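Chains as they are written, first to last, in our numbering: chain A, 72 to 371; chain B, 2 to 379.
Taking it in order: structure first as structure tokens, then the write-up.
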């Protein structure tokens, strides 16, 4: 029983971690809580269903399931990356020199806009992802992992590792770290700030899209409102791990997934959504910078 | 920046329109995508010719702002005030119940906006969970009325004391956190309160809410009728305006503005920023409690659905629309954000999209709020 809950928690935690990475990357560079990020995850889920439906309608799924799934993932990631890029260009770039409050409120505006945009274009009822693998899986000790769960966990781990390597080993990644550290100096050294910021949004949105499609496959149902609650929980995870820290976001996401799963089964499932906030408040009281966060002094 | 050639500009507009068309393509199909692309192209192409009208528009806006300024603070101010007061007092005589309903709701949201303005506008702390205090006030009154039979005047002190204490208690731990973290913690608090109200069936009746609240009464006469309740809310909002304005132009208010402008400098000047921020949170929550009790007494029914994060966002928008810190502007913001959806009842489903697009545009083009400098700090 405990092992089963841990497996469930790791699955959801992996998804939270992927979304949290988007939050932490953007915050590290812009010091902005990108409220719209949760909605990009929701867009990814919807796009996954739409593109997979297209593949099925054109008969591609019958021909080759892996090809259809692959195409679904690629197209959804591309479109979500485009959405992320557009959001940054339209709603955040003009406000880069404004006070801290303006981009935040603009982000809230974008979040509400996207929710209603999907509600108007796709309807307010749940959208269904066809069940591909059912409950097929394999048993581990006393618990059971379905193929979808295993795929989500493995996918999350691989993506997190890939991101970590990208940020630490490539020059683009070094550029991102530089801009996060000191934007002015980075521009003086010759780094294209606009390009790096756009890249950050693109990467974050891509990860969120993958998380969205995986959740659509896992639960089978999506709705225009899933972005908000997942977004807040993922941001909680990012803050938990120390906002601005990539390993922190990974840890925070997994930790939150576990807390939620265990709390729902051992304490009460009615307050499932509240556990994220309670954990957040407790962690911030003890360590205001988050678990892996570094406490930065404010310079006058 | 050199003006691009006409052909180059048209090509760029074409690309941008194509981009937006492609973005909407999976969601709505090719017809809508083409329509959106066409609309974007039209807007972008028309921008250059329309931009020449911008200076005259700005001039007209400044003239209106000057007019408002002269009416409210010049020699004509007392007359304008008397006329406004007369209008407000005599509205129930000829207004329909529907209009009275809207005005009462505007009054209640106006009080909420004043309260949030203290926290966000004066002191610069982003409180995203303000609706929690509103909910606490409303539910406190509902429970006191239904379970203990207390009337509005007996329950009101308890309600506002409860919400003030709640604001204080939330602020004590939360103020240790930096601005953005503080915002998220308040958001979390708002959600926790809503979840508890929704799930604690034995105490709060869960999603069914609490119904059967008796109408308020004053000296034996019932205030259940809308036109009488209107006067109660009118008195409440005037009281709120007077009190908040008085505090704003006192030592505490000046400390708040100093903290908003530059917290480190304020601390260096000897202002105990933590204590004043606590005052701000507690004072702001006080008004939420009052508004909550008034809301419950009017609706005679409370349920968790009225107290979602969207409500917090709506109140925040009223504060932003009116220009952070300006009381009259905030009241106008409340009026606009309640009135406009009512006027646009026909296009209800487009309401939130228009509101959110409006927020984004407002932040980009007019961060000082709709009324900018005209109602600055009044």
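Beta carbons are placed, not taken as given, at the ideal position from N, Cα and C, and that holds for glycine.
Since the structure is predicted, the reported quantities are computational estimates derived from the model, not experimental observations.
Starting from residue i, trace the beta strand (DSSP E) in both directions and tell me its first and last residue.
{"i": "residue 215(A)", "result": "214-217"}
{"i": "residue 210(A)", "result": "208-211"}
Check the Cβ of residue i against every Cβ in chain B and list those closer than 7 Å, keeping chain order.
{"i": "residue 169(A)", "result": "368"}
{"i": "residue 154(A)", "result": "24"}
{"i": "residue 341(A)", "result": "200"}
{"i": "residue 193(A)", "result": "28"}
{"i": "residue 352(A)", "result": "186, 189"}
{"i": "residue 165(A)", "result": "365"}
{"i": "residue 162(A)", "result": "361"}
Quick one: measure Cβ to Cβ for residue i and residue j, integer angstroms, because I've assumed they're closer than 8 Å.
{"i": "residue 186(B)", "j": "residue 351(A)", "result": "7 Å"}
{"i": "residue 219(A)", "j": "residue 204(A)", "result": "6 Å"}
{"i": "residue 78(A)", "j": "residue 159(A)", "result": "Contact flag wrong, Cβ pair sits at about 36 Å."}
{"i": "residue 118(A)", "j": "residue 280(A)", "result": "7 Å"}
{"i": "residue 235(A)", "j": "residue 317(A)", "result": "6 Å"}
{"i": "residue 116(B)", "j": "residue 237(B)", "result": "That pair is no contact at about 12 Å."}
{"i": "residue 147(B)", "j": "residue 214(B)", "result": "6 Å"}
{"i": "residue 96(A)", "j": "residue 274(A)", "result": "7 Å"}
{"i": "residue 211(B)", "j": "residue 144(B)", "result": "7 Å"}
{"i": "residue 260(B)", "j": "residue 269(B)", "result": "About 12 Å; that fails the 8 Å criterion."}
{"i": "residue 308(B)", "j": "residue 135(B)", "result": "6 Å"}
{"i": "residue 322(B)", "j": "residue 337(B)", "result": "6 Å"}
{"i": "residue 38(B)", "j": "residue 18(B)", "result": "4 Å"}
{"i": "residue 92(A)", "j": "residue 287(A)", "result": "Their Cβ separation, rounded to whole angstroms, is 19 Å, which puts residue 92(A) and residue 287(A) out of contact at 8 Å."}
{"i": "residue 216(B)", "j": "residue 298(B)", "result": "7 Å"}
{"i": "residue 184(A)", "j": "residue 354(B)", "result": "6 Å"}
Report the neighbours of residue i on chain A: residues whose CB is nearer than 7 Å to its CB, in chain order.
{"i": "residue 282(B)", "result": "Those within 7 Å of residue 282(B) in chain A number zero; the least Cβ separation is about 15 Å."}
What span of residues does the alpha helix (DSSP H) with residue i cover, start to end?
{"i": "residue 303(A)", "result": "297-312"}
{"i": "residue 253(B)", "result": "252-262"}
{"i": "residue 74(A)", "result": "73-101"}
{"i": "residue 319(B)", "result": "310-322"}
{"i": "residue 321(A)", "result": "317-337"}
{"i": "residue 137(A)", "result": "136-158"}
{"i": "residue 27(B)", "result": "7-29"}
{"i": "residue 187(A)", "result": "172-193"}
{"i": "residue 146(B)", "result": "132-149"}
{"i": "residue 201(B)", "result": "Taken as a continuous stretch (DSSP letters only), residue 201(B) belongs to no alpha helix (DSSP H), as it is neither H nor E."}
{"i": "residue 285(A)", "result": "264-290"}
Are the beta-carbon atoms of residue i and residue j separated by less than 8 Å?
{"i": "residue 85(A)", "j": "residue 216(A)", "result": "no"}
{"i": "residue 27(B)", "j": "residue 121(A)", "result": "yes"}
{"i": "residue 288(B)", "j": "residue 124(B)", "result": "no"}
{"i": "residue 73(A)", "j": "residue 365(B)", "result": "no"}
{"i": "residue 152(A)", "j": "residue 276(A)", "result": "yes"}
{"i": "residue 283(B)", "j": "residue 168(B)", "result": "yes"}
{"i": "residue 328(A)", "j": "residue 83(A)", "result": "yes"}
{"i": "residue 90(A)", "j": "residue 302(A)", "result": "yes"}
{"i": "residue 189(B)", "j": "residue 348(A)", "result": "yes"}
{"i": "residue 87(A)", "j": "residue 304(A)", "result": "yes"}
{"i": "residue 172(B)", "j": "residue 279(B)", "result": "yes"}
{"i": "residue 227(B)", "j": "residue 102(B)", "result": "yes"}
{"i": "residue 258(A)", "j": "residue 186(A)", "result": "no"}
{"i": "residue 153(B)", "j": "residue 294(B)", "result": "yes"}
{"i": "residue 262(A)", "j": "residue 282(A)", "result": "no"}
{"i": "residue 163(B)", "j": "residue 198(B)", "result": "no"}
{"i": "residue 310(B)", "j": "residue 139(B)", "result": "no"}
{"i": "residue 312(B)", "j": "residue 119(B)", "result": "no"}
{"i": "residue 362(A)", "j": "residue 181(B)", "result": "no"}
{"i": "residue 360(A)", "j": "residue 313(A)", "result": "yes"}
{"i": "residue 81(B)", "j": "residue 89(B)", "result": "no"}
Counting only Cβ pairs nearer than 8 Å, list the residues of chain B close to residue i.
{"i": "residue 272(A)", "result": "Neighbours of residue 272(A) on chain B: none; closest Cβ ~14 Å, over 8 Å."}
{"i": "residue 177(A)", "result": "360, 361, 364, 365"}
{"i": "residue 310(A)", "result": "182, 185"}
Below 7 Å, is the gap between the Cβ of residue i and the nearest heavy atom of the ligand NAD?
{"i": "residue 99(B)", "result": "Only the bare structure without any ligand can be found here, which leaves the ligand NAD out of the picture."}
I want to verify the contact list: residues of chain A whose CB lies under 9 Å from the CB of residue i, in sequence order.
{"i": "residue 178(B)", "result": "355, 356, 359"}
Chain A partners of residue i, CB-CB under 8 Å?
{"i": "residue 192(B)", "result": "303, 344, 345, 348"}
{"i": "residue 131(B)", "result": "Per Cβ cutoff of 8 Å: no residues; residue 131(B) is ~13 Å from chain A at best."}
{"i": "residue 314(B)", "result": "179, 183"}
{"i": "residue 321(B)", "result": "176"}
Along chain B, which residues have their Cβ under 9 Å away from the Cβ of residue i?
{"i": "residue 363(A)", "result": "Ordered by position in chain B, no residue passes the 9 Å Cβ test against residue 363(A), which lies about 15 Å from the chain."}
Output the residue ranges of the beta strand (DSSP E) runs that lie fully inside the stretch 167-199 of chain B and measure 3 residues or longer, sorted by chain position. none
Unbroken alpha helix (DSSP H) runs of length 4 or more, entirely within the stretch 60-97 of chain B: which are they? 78-95
Go through the stretch 218-249 of chain A residue by residue and report every complete run of the alpha helix (DSSP H) that reaches 4 residues or more, in order. 218-240
What alpha helix (DSSP H) runs, 4 residues minimum, are completely inside the stretch 222-250 of chain B? 227-249
Sequence ranges, alpha helix (DSSP H) only - wholly within the stretch 321-372 of chain B, length at least 4: 328-344, 352-366
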